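Asks:
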Amino acid sequence: MPKITINDQIYEAEKGKTVIQVADELGIQIPRYCYHPDIGIEGSCRMCLVEVKGAPKLMPSCATPIADGMEVRTNTERVQQAVRYAMEFLLLHHPIDCPVCDQSGECWLQNYYMSVAGHESRYPLGGKTRRRKAFDLGPLVKLDQERCILCTRCVRFTRNVTHTNEIQIFNRGHNSEIGIFKDRPLDNAYSGNVVDICPVGALTNADFRFKVRVWFLKGTDSVCGGCSTGCNMRVDHSARATGGGVPGYTASDGQIYRTVGRRNIDVNKSWLCDEGRMSFHAMERWPRLQVAGGRCDTNIMTDLLMTIHETFRSLDGAIAGLGSAVNTNEALFLMKKYFKGRVDFRLGNEVETYQERQDDLLRRVDKHPNTRGALDLGLAGDLDGLKGLREKAEKKESRGMWISFHPQLVGEDPPEVIENLRGLINALEFSVVSTTHEFDWTRRASVLLPMAGWSEETGTYTNYAGRIQMTRRAILASGNAEPLHAFMATLLRLSGVDVPAEPSAIFDAIAGEVPAYSGLDYETIGLQGAVPQQEVAR
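So in my numbering, spot 134 of the sequence shown is number 1524, and the numbers just go up one at a time.
#1: Would you kindly work out how many angstroms separate the C-alpha atoms of residue 1347 and residue 1499, rounded to a whole number?
#2: With H, G and I counted as helix, E and B as strand and the rest as coil, what does DSSP make of residue 1879?
#3: Would you mind reading off the limits of the alpha helix (DSSP H) that contains residue 1699?
#4: For the beta strand (DSSP E) that contains residue 1861, what are its first and last residues?
#5: Work out the CA separation of residue 1603 and residue 1538 for me, nearest whole Å.
#6: Could you spell out the range, first to last residue, of the beta strand (DSSP E) harbouring residue 1393?
#7: Restricting to runs no shorter than 3 residues, where is the beta strand (DSSP E) found entirely within the segment 1568–1601?
#8: Short check: CB of residue 1861 to CB of residue 1849, under 9 Å?
#9: According to DSSP, is residue 1607 part of a helix, a strand, or is it coil?
#10: Three Cβ pairs or more, each shorter than 8 Å: is that satisfied between the segment 1830–1848 and the segment 1678–1689?
#11: Mind the definition here: the segment 1526–1544 touches the segment 1416–1425 only if three or more C-beta pairs lie below 8 Å; say whether that holds.
#12: How many Å lie between residue 1907 and residue 1768 at the Cα?
#13: Taking 9 Å as the cut-off, decide whether the C-beta atoms of residue 1452 and residue 1431 are in contact.
#14: Which two residues bound the contiguous beta strand (DSSP E) that contains residue 1648?
#15: For residue 1624, which residues does DSSP report across the bridge?
#16: Kindly indicate the opening and closing residues of the beta strand (DSSP E) around residue 1792.
#17: Identify which residue in 1556, 1589 and 1594 has its Cα closest to the Cα of residue 1577.
#18: Going by C-alpha to C-alpha distance, which of 1558, 1566 and 1711 sits closest to residue 1771?
#19: For the structure I just gave you, are there three or more beta carbon pairs, one from the segment 1503–1520 and one from the segment 1452–1464, closer than 8 Å?
#20: Can the beta-carbon of residue 1506 be found closer than 9 Å to that of residue 1473?
#21: Below 8 Å on the Cβ atoms is my contact criterion, and I expect residue 1840 with residue 1676 to pass it. Report the Cβ-Cβ distance as a whole number of Å.
#22: Let me know the secondary structure DSSP gives residue 1734 once reduced to three states.
#23: Could you name the residues that DSSP lists as bridge partners for residue 1513?
#24: Taking DSSP as the reference, what is the three-state secondary structure of residue 1680?
#25: Output yes or no for whether 9 Å exceeds the beta carbon distance between residue 1754 and residue 1618.
#26: Can you give me the Cβ contacts of residue 1748 inside the same chain, cut-off strictly under 7 Å, excluding the 5 residues immediately before and after it?
#27: Whole angstroms are fine: how far does the CA of residue 1728 sit from the CA of residue 1667?
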């Protein structure tokens, strides 16, 4: 491997990489605006200049490949002066919008000015060039041309990633500006990513705009629950209070305001589709189920679970469970253990579609995050899914059943699914429905339990490729809702089986019993492949 010297330290680096890539791997900070590892090299912002021994001028580190014996310096006075000049040039016509800009608090212009520039403006405030402000590029993205520094990240994203080419650079020289053709709005399925990668406040999210300042938000690393790809994301939510008193959890009793891509080159690089990015709004689409209900005399959770267990035990083994491919591995594992293997999860054609692509980038036909996990746990047996369970209930082969239902992430279910669920409940002597939202058909259940949804519980999902990833609890569940694994752990303890309630301990039990998970460690599941949020990809 080539050896390269950076700031008097010798390192080995992979052949073919650029100086900035090696520096990022080593934790050496080099300023940049236009460079992004997943959209191609431009070399236009001139912020990442470094000294290379033997080169007559400063070199852009994003476009300079390493060579054996190369000597690089990133912190000399010459480099620092060049960066200050680049910053001064970029800020000449930049508006003083910080008090009203959504990017304030996470703006690279602010950060780099304070860390590497600090100059006083030599340009009169009244002489700044005025351009169009806050107009729609598409349904999700607004553009403020005055704030744009022409890093061309958005241009290269639509050119090299989505291949849709909506955003272009118009005019020349000082009159250059980004924009779109009037008949070609930015409405591709990944348009929100241009906001994530914009280093300044030029591109803003129309859904998030002016809702909250970023320093009032807390970010929780998690996994998108919108389909079987399992894209890595960060959930940004209000952080007014912590806790809830639940062992093993640190959550914020607040509201989710946005989600942004978290870089994992093995899964989603830095991207999210708009459907997954906005899926947290689905939690608001229907009324949340706050407290337990049904045909029982109490809504106290401990008493209800005792009643449920006693009733199931009285049905002489004619019981079963219908899980969901939106439930975590931990929840499905405990459900299978409690019902002694008589558990299925299939509502429709999830098994046939979980690997089928919806497009050439990230989206998949199956809109469930854990179909592969349910399959690995052996939940696609001879019960034959929802239709088979309904037939068995109508034949009285199953008299009692627990049904787990997550409408907020699977979207509007086909009418036949709802009809089969309604028919299943009508055919059962005793039915328990745990769900996140209230629906007319769920009120027919003997017991109705409020269940935590995505972003309200910690656990693991297995994506279409068999990759196990951690979804982390960001906010507290609504009302008295609890995660499904907590319900199942209580029922198992009532039946005499000592099981832990913490997701980490449950996963260790899975790793000890399920071959597909053998040898895996819970502490490393949430870290594999995911890159901490760096300046290269917020």
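Even glycine gets a Cβ: it sits at the ideal position worked out from N, Cα and C. Since this is a predicted model, take the numbers as computed values, not measurements.
Replies: Based on what the coordinates show:
#1: Given a span of 1391 to 1928 for the chain in the structure shown, any question on residue 1347 remains unanswerable.
#2: helix
#3: 1691–1704
#4: 1858–1861
#5: 20 Å
#6: 1393–1396
#7: 1593–1595
#8: yes
#9: strand
#10: yes
#11: yes
#12: 12 Å
#13: yes
#14: 1646–1651
#15: 1611 and 1650
#16: 1790–1795
#17: 1556
#18: 1711
#19: no
#20: yes
#21: Actually they do not touch by this definition, with Cβ atoms about 13 Å apart.
#22: strand
#23: Residue 1513 pairs with nothing; no bridge assigned.
#24: coil
#25: yes
#26: 1754 and 1755
#27: 35 Å
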